[in-house]
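Trainee: Those sequence lines, one after another, are chains A and B.
Under the numbering used here, the letters of the first sequence match residues 285 to 457, in that order.
Under the numbering used here, the letters of the second sequence match residues 51 to 184, in that order.
Glycine included, C-beta positions come from ideal geometry on N, C-alpha and C.
Sending over a structure as C-alpha cells; questions will come in a sec.
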Amino acid sequence: MKQFALAIHGGAGTLLPEEITPEKQQAIDEGLRAAVSAGEAILKNGGNAVEAVKMAVISLENCPLFNAGKGAVLDHEGSFELEASIMCGETGEAGAVAGVRNVKNPVALAEEVLKDGRFVMLHGEGAKDFATEKGLELVEDEYFLTAGRQKQWEAARETGEMLVDHDGERKFG
Amino acid sequence: TVGAVALDMDGNLAAATSTGGLVNKQYSRLGDSAVIGAGTYADNDTCAISCTGYGEYFLRNVVAFDIAARMDYGAKSLEKSAQEVVMKKLVERGGEGGIIGLDGEGNIALVFNSAGMYRAWVKSGGEIQTAIFE
Chain A
285 MKQFALAIHG GAGTLLPEEI TPEKQQAIDE GLRAAVSAGE AILKNGGNAV EAVKMAVISL
345 ENCPLFNAGK GAVLDHEGSF ELEASIMCGE TGEAGAVAGV RNVKNPVALA EEVLKDGRFV
405 MLHGEGAKDF ATEKGLELVE DEYFLTAGRQ KQWEAARETG EMLVDHDGER KFG
Chain B
51 TVGAVALDMD GNLAAATSTG GLVNKQYSRL GDSAVIGAGT YADNDTCAIS CTGYGEYFLR
111 NVVAFDIAAR MDYGAKSLEK SAQEVVMKKL VERGGEGGII GLDGEGNIAL VFNSAGMYRA
171 WVKSGGEIQT AIFE
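Below, the structure is given as C-alpha cells:
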C-alpha cells in the first residue's frame, strides 16, 4: 500500500512550560493541527509533496501564533522582512525569497521561483516585483502586525538586542 | 519560523520553511530559512529537512545538508544523522534550535536542543499528533 507522511514545525526556542498558558497551548495545538490537515488533504488525494508542504506552510503563515506571514516578528524599523524556501526532492528544483515585504504568503512566492526555473533565490524589491508579476496577493504591513509581536519588539528595542521568536526572556546579543 | 516536510504516495520528498526572522533584526539581516542546504533541503535519495532556531548557527553549519550528507556518505539513518548534528555538533558550537526530517521510508525525525519545538506530524492511516516540549 502506498504511504505518505508529513511533519511540520512552528518554531523552536527557550519558552518554558510554565510560560505557556493552557489557552495558548490549545490555540497552538489547533494551529498545528490545521496545518497538518492542509498538507494531509493534498497527500491523501495523491497530490505531490511540494504542494503538500506549501499548503501546510501557508496555513502556518496565515496563523498569527507563529513567526511567519501574519504574526511575524518586527525588524528594527518596525516593518516586516520575510524569508522562505521550498525544495523538491525528486528534481532538486528549489525556490527561495529573502528580505521580501508585503507578500502575504512568502512560501507561495518561493514556489513560484521554483516553478519559474530561471532562479533559485530572489530578494528585496525584486522579489516583490516578481510576486506582482506572478499575481500573488500583496498586503499592507498592518496585516502582519499582532499585539504580542509589538510587545516583543518594544522590549527588544529597549535592549538593542535581537530575540528569537519563541523566547520568554532570553535575548541574543 | 515555520516549516514542513512531506513524502507523497509516489515516494517523492519535499521541504519548505518560512519566517519573519529575529525580533528587532537590523541591516536586513537574513537567517537560514531562505537558504537551501542550511534551513531547507530535500533529496529523494536521503531526506527532507526544515530547520528552526537561531539562524546564524544553521547557516555556518549548513545543518540541513549536513544531515542529508551523513545519510548519503555515512549510510546513517535519518534519526542518527539528525541527533549527531543537532544534539552534538550544534550544541558544541552554541547553536540552539531544531529540525523536522523525513526519509523515503516515511521515518520522521523531530530533533531539537532547545527547551521546546512546536511540532505536529501524521502518517497515512494514522492520527495527527502534536507536541511542544519533550
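Under the rule that 16 or more other beta-carbon atoms within 10 Å means buried, what is S100 of chain B, buried or exposed?
Mentor: Counting from 1 along the second sequence, the entry for residue 100 of chain B is found at position 50. So S100 of chain B counts as buried.
Trainee: Rounded to whole angstroms, what's the CA-CA distance from A336 of chain A to P301 of chain A? Just pull it up for me.
Mentor: Residue mapping note: residue 336 of chain A aligns to position 52 of the first sequence, counting from 1. Residue mapping note: residue 301 of chain A aligns to position 17 of the first sequence, counting from 1. Approximately 30 Å between the Cα atoms of the pair.
Trainee: Between the alpha carbons of V161 of chain B and N74 of chain B, how many angstroms are there, rounded?
Mentor: Position 111 of the second sequence, counted from the start, is the residue given in the question as residue 161 of chain B. Position 24 of the second sequence, counted from the start, is the residue given in the question as residue 74 of chain B. If I take the Cα positions, the gap works out to 27 Å.
Trainee: I'd like to know if A311 of chain A contacts chain B, where contact means its C-beta is closer than 9 Å to some C-beta of that chain.
Mentor: One-based indexing of the first sequence puts residue 311 of chain A at position 27. Chain B contact via Cβ: absent.
Trainee: May I ask which residues mark the beginning and end of the beta strand (DSSP E) holding K173 of chain B?
Mentor: Counted from its first residue, the second sequence places residue 173 of chain B at position 123. K173 of chain B -> beta strand (DSSP E) spans G166 to K173.
Trainee: Check whether the Cβ atoms of D93 of chain B and L128 of chain B lie closer than 9 Å to each other.
Mentor: Sequence index remark: in the second sequence, residue 93 of chain B carries index 43 (1-based). Sequence index remark: in the second sequence, residue 128 of chain B carries index 78 (1-based). Contact: no.
Trainee: Specify the secondary structure class of E134 of chain B as computed by DSSP and reduced to three states.
Mentor: Reading the second sequence from its first residue, position 84 is the one you call residue 134 of chain B. E134 of chain B falls in the helix class under three-state DSSP.
Trainee: At the level of alpha carbons, what is the spacing between S68 of chain B and A340 of chain A?
Mentor: As a first step, residue 68 of chain B must be located in the second sequence, where it is residue number 18. As a first step, residue 340 of chain A must be located in the first sequence, where it is residue number 56. So the alpha carbons of these two residues sit roughly 11 Å apart.
Trainee: What first and last residue would you give for the beta strand (DSSP E) that runs through I292 of chain A?
Mentor: Here residue 292 of chain A refers to the residue found at position 8 when the first sequence is read from its first residue. From DSSP, the beta strand (DSSP E) with I292 of chain A extends over A289 to G297.
Trainee: Using the C-alpha atoms, what's the distance from S164 of chain B back to R454 of chain A?
Mentor: Residue 454 of chain A sits at position 170 when you count from the first residue of the first sequence. Residue 164 of chain B sits at position 114 when you count from the first residue of the second sequence. Note that R454 of chain A has pLDDT 42, beneath the 50 cutoff, so the model's placement of it is unreliable and the number below is only indicative. The alpha-carbon atoms of R454 of chain A and S164 of chain B are separated by roughly 12 Å.
Trainee: Where does N247 of chain A land, buried or exposed, given buried means 16+ other C-beta within 10 angstroms?
Mentor: It is not possible to answer for residue 247 of chain A, since the shown part of chain A is limited to 285 through 457.
Trainee: Taking only runs that begin and end inside the stretch 52-130 of chain B, name each unbroken beta strand (DSSP E) of 3 or more residues, in chain order.
Mentor: Within the stretch 52-130 of chain B, the complete beta strand (DSSP E) runs of at least 3 residues are 52-57, 63-69, 90-92 and 97-103.
Trainee: Our contact map puts Y168 of chain B next to G294 of chain A with C-beta atoms below 8 Å; I'd like the distance itself, whole angstroms only.
Mentor: Sequence index remark: in the second sequence, residue 168 of chain B carries index 118 (1-based). Sequence index remark: in the first sequence, residue 294 of chain A carries index 10 (1-based). Contact holds; Cβ gap of about 3 Å.
Trainee: At a Cβ cut of 8 Å, what residues of the stretch 114-140 of chain B count as close to chain A, listed as they run along the chain?
Mentor: Hits within the stretch: zero.
Trainee: Are the C-beta atoms of L109 of chain B and some chain A residue less than 9 Å apart?
Mentor: The residue given as residue 109 of chain B occupies position 59 in the second sequence. It does not; no Cβ of chain A falls within 9 Å.
Trainee: Run through chain A and tell me which residues come within less than 7 Å of V161 of chain B, C-beta to C-beta.
Mentor: Sequence index remark: in the second sequence, residue 161 of chain B carries index 111 (1-based). Within chain A, no residue comes near V161 of chain B; the closest Cβ sits about 10 Å away, beyond 7 Å.
Trainee: Can you give the beta carbon distance from A370 of chain A to T90 of chain B, rounded, assuming they're within the 8 Å contact cut?
Mentor: Here residue 370 of chain A is taken as the residue at index 86 of the first sequence, counted from 1. Here residue 90 of chain B is taken as the residue at index 40 of the second sequence, counted from 1. Residue identity check: residue 370 of chain A is Ile in the sequence provided, not Ala. With 8 Å as the limit, I370 of chain A and T90 of chain B qualify as a contact, their Cβ atoms being about 7 Å apart.
Trainee: In terms of alpha-carbon separation, which member of B:Q133, B:Y123 and B:D82 lies closest to V112 of chain B?
Mentor: Locating residue 112 of chain B in the second sequence gives position 62, counting from the first residue. The residue with the shortest Cα to Cα distance from V112 of chain B is B:D82.
Trainee: Kindly indicate the opening and closing residues of the beta strand (DSSP E) around M339 of chain A.
Mentor: For the purposes of this step, residue 339 of chain A is taken as the residue at position 55 of the first sequence. Not the beta strand (DSSP E): M339 of chain A falls in the alpha helix (DSSP H), residues A333 to N346.
Trainee: Just the chain B side, please: which residues come within less than 7 Å of E365 of chain A by C-beta, in chain order?
Mentor: Along the first sequence, read from residue 1 onward, the residue named residue 365 of chain A stands at position 81. Per Cβ cutoff of 7 Å: G71 and S78.
Trainee: Under the assumption that A333 of chain A contacts G379 of chain A (Cβ atoms under 8 Å), give the Cβ distance between them as a whole number of angstroms.
Mentor: Locating residue 333 of chain A in the first sequence gives position 49, where the first residue counts as 1. Locating residue 379 of chain A in the first sequence gives position 95, where the first residue counts as 1. Between G379 of chain A and A333 of chain A the Cβ distance is about 14 Å, and since that is not below 8 Å, they are no contact.
Trainee: Within 9 Å of any Cβ in chain A, is that where the Cβ of R169 of chain B sits?
Mentor: Within the second sequence, the letter at position 119 stands for residue 169 of chain B. Yes, contact with chain A.
Trainee: In the DSSP assignment, find the beta strand (DSSP E) that holds I150 of chain B and state where it starts and stops.
Mentor: Here residue 150 of chain B corresponds to residue number 100 of the second sequence, with the count starting at 1. Run containing I150 of chain B: G147 to D153, per the beta strand (DSSP E) assignment.
Trainee: Alpha carbon to alpha carbon, what distance is there between R317 of chain A and K139 of chain B?
Mentor: Here the question's residue 139 of chain B lines up with position 89 in the second sequence. Here the question's residue 317 of chain A lines up with position 33 in the first sequence. Roughly 31 Å separates the two Cα atoms.
Trainee: How far does the alpha helix (DSSP H) with E442 of chain A in it extend, from its first residue to its last?
Mentor: Looking up residue 442 of chain A in the first sequence gives position 158. A431 to T443 is the span of the alpha helix (DSSP H), which, as asked, contains E442 of chain A.
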